[in-house]
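To start, the structure itself, in structure tokens.
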Amino acid sequence: MNVQDQVIAILADQAVLEPADVSMTSRLEDLGIDSMGIVESIFAIEETFDISVPFNANQPDASDFDISSVASIVAGIERLKAEQG
Amino acid sequence: MKRVVITGAGTINALGLNVPDTLAAMREGVCGIGPLKFRDVERLSIQIGGQVHDFPPEGQYNRQQLSLYDRFTQFTLAAAAEAIAQSGLVFSGELSAKSGVVLGTAGGGVSTWDDNYRAVYEEGKNRVHPFVVPKLMNNAAASHVSMEYNLKGPSFTVSTACASSNHAMAQAFAMVRSGMAPAMVTGGSESMLCFGGVKAWEGLRVMSRDACRPFSANRNGMVQGEGAGIFVFEDYDHARARGAEILCEVVGFAMTSDAGDIVTPSKSGAARAMAGALADARINADQVGYINAHGTGTAANDKTECAAVADVFGPHADRLMISSTKSMHGHLIGGTGAVELLACIMALRDGVIAPTIGYQEPDPECALDVVPNEARDAKVTVALSNAFAFGGMNAVIAVRAV
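Chains as they are written, first to last, in the working numbering: chain A, 1 to 85; chain B, 1001 to 1402.
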């Protein structure tokens, strides 16, 4: 699986949806992923890609990792993999 | 002052996954203690315990719940479901706003601590699951019960080692008796049967390697158990008005502190707690037919407890029955008083006194009727449940047949 498919699998699992129901443009709030779900998703992303995601649940918007949509998460992971790999 | 009655009971422990199975096992003198089964058990010198088997969490809870429910919370929710169903109460409106949940636990999410310390120390992992803190916190079980049943009144967790659930039930009793709450969900839960939990206890050198034999001259220590006991305490008038089945009445309690030693029990602390419970309940010592002993099977507890009973009850000490059901289900630490209250209810309602099993040799320092090895039929109208904790904190509850 490529990064995009892995992220979709993680978010679909968290949202209790089929991967087919999650697209690159899906936004986490539209998927019904709440704040605890976001933290669990970040954890799953860190475990899956062996990266450390700079994310503070107190200030999601100020974090240097845009979790608003599938596309932004994929881009963030690609960047972190390059930086931390 | 309100009268307080018990209208629901639930449990899960090594003797059974519910109250009827547990009471049947107590009547039969079944021993729920056996070989422990969990990771790294072979590295322990103590390898027996009253472990709950046949309770696979995967079948009962979904993945999201499992990420938040430590085993002590799982036990609590299972026992609470049984107790609240039996009570028939549905918490809404003012009943919901005023009723709460007070539970006891000594260790809280011990296996969650254990699993995650293992991950970061032994396995060298650098991150743990996001919900480790809300999963292991001591009030997690009480919080999940409050959320599951819409209990919005006074709710908290009490932690006084082996007396935790008796202290919790004493608080719930006081709240219903004072009129603060029409009903309270109360009791306790414990799950320390994991590698780190038992390893810590090994250090004290008070654990038996073969059996829990309270009051028997050849006793050689305590054996740990796990599980939960949960009850619904309710205002008597409230229960009567809705035609609820009443299991028994809670008539009094007392709490004392030895202010002495951090582990060695005190005769006077125990005696003051028993005498205090009788005074609070306004009952005479000679009305007590049965005591569920703290009865850990250690040299220190059993002789101290028997001496305290002799002090409080005088000549009547030779006529009452006192048994330790820890011989069957093990010592549930912070949940033990809750499971043991079931033996008191069985004595009051069914006229069956649970035995002290594993009893082999009389001990002159424990020369009371400990109901050795076989349950006994007897009519009892008042019973006490003793809990004497490390730290010298004691709590005794008095219950009466209705």
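For each residue, glycine too, the CB sits at the ideal point set by N, CA and C.
Judged by DSSP in its simplified three-state form, residue 1320(B) adopts coil rather than helix or strand.
The bridge partners DSSP lists for residue 1144(B) come to none. Using a C-beta cut-off of 8 Å, the segment 1018–1035 of chain B makes no contact with the segment 1150–1164 of chain B, since fewer than three inter-stretch Cβ pairs fall below that distance. In terms of beta-carbon proximity, residue 1118(B) stays away from the interface with chain A, with every pair separated by 7 Å or more. For residue 1127(B), the closest Cβ of chain A is nearer than 7 Å. For the C-beta of residue 46(A), the chain B residues within less than 7 Å are, from N- to C-terminus, 1127.
CA-to-CA, the gap between residue 1169(B) and residue 1133(B) works out to about 26 Å. In this structure, the CA atom of residue 58(A) is about 12 Å from the CA atom of residue 38(A).
Contact between the segment 1122–1141 of chain B and the segment 1353–1363 of chain B is not established, with fewer than three Cβ pairs separated by less than 8 Å. In the three-state reduction of the DSSP assignment, residue 1209(B) falls in the coil class. With fewer than 16 other Cβ atoms inside 10 Å of its own Cβ, residue 24(A) counts as exposed. Around residue 39(A), the beta-carbon contacts reaching into chain B at under 9 Å are 1130 and 1131. In terms of Cα proximity to residue 1114(B), the closest of 1273(B), 1196(B) and 1250(B) is 1196(B).
Residue 1384(B): member of the beta strand (DSSP E) spanning 1382–1388, first to last residue. Restricting attention to 1394(B), 1248(B), 1137(B) and 1355(B), the CA atom closest to the CA of residue 1231(B) is found in 1248(B). With a threshold of 16 other beta carbon atoms within 10 Å, residue 1086(B) meets it and is buried.
Closest in C-alpha terms to residue 1047(B), from the list 1037(B), 1054(B), 1053(B) and 1122(B), comes 1037(B).
Closer than 7 Å to the CB of residue 43(A) there is at least one CB belonging to chain B. For the 7 Å CB-CB criterion, residue 1188(B) and residue 1105(B) form a contact. According to the DSSP assignment, residue 1344(B) belongs to no beta strand (DSSP E) but to the alpha helix (DSSP H) extending over 1336–1350. The alpha-carbon of residue 1060(B) is positioned some 9 Å away from that of residue 1066(B). Going by C-alpha positions, residue 1246(B) is about 14 Å away from residue 1010(B). Cβ contact annotation for residue 1072(B) (same chain, cutoff 7 Å, sequence separation greater than five): 1105, 1108, 1109, 1141, 1189, 1190 and 1191, in chain order.
The Cβ atoms of residue 1354(B) and residue 1375(B) sit closer than 7 Å to each other. DSSP places residue 85(A) outside both helix and strand once states are collapsed to three, so it counts as coil.
Residue 1359(B) sits in coil when the DSSP states are folded into three classes, being neither helix nor strand.
When C-beta atoms of the segment 1303–1312 of chain B are compared with those of the segment 1327–1340 of chain B, fewer than three pairs fall below 8 Å, so the two segments do not count as touching.
Every unbroken stretch of the alpha helix (DSSP H) spanning 4 or more residues and falling wholly within the segment 3–57 of chain A is given here in chain order: 3–15 and 35–49. Taking residue 1019(B) as the centre and dropping the five residues before and after it, the same chain places the C-beta of 1009, 1010, 1011, 1082 and 1342 closer than 7 Å to its C-beta, in chain order.
Taking C-alpha positions only, residue 1209(B) is separated from residue 1328(B) by approximately 15 Å. Straight across, the Cα-Cα distance linking residue 1339(B) with residue 1186(B) is about 12 Å.
No Cβ-Cβ contact shorter than 7 Å links residue 1312(B) with residue 1367(B). Approximately 7 Å separates the beta-carbon atoms of residue 1253(B) and residue 1395(B); this is inside 8 Å, confirming the contact.
Under the DSSP assignment, residue 1190(B) falls outside any alpha helix (DSSP H), being part of the beta strand (DSSP E) whose first and last residues are 1183–1190. Following the DSSP letters along the chain, one finds residue 1256(B) inside the beta strand (DSSP E) bounded by residues 1248–1257. At least 7 Å separates the beta-carbon of residue 1256(B) from that of residue 1282(B).
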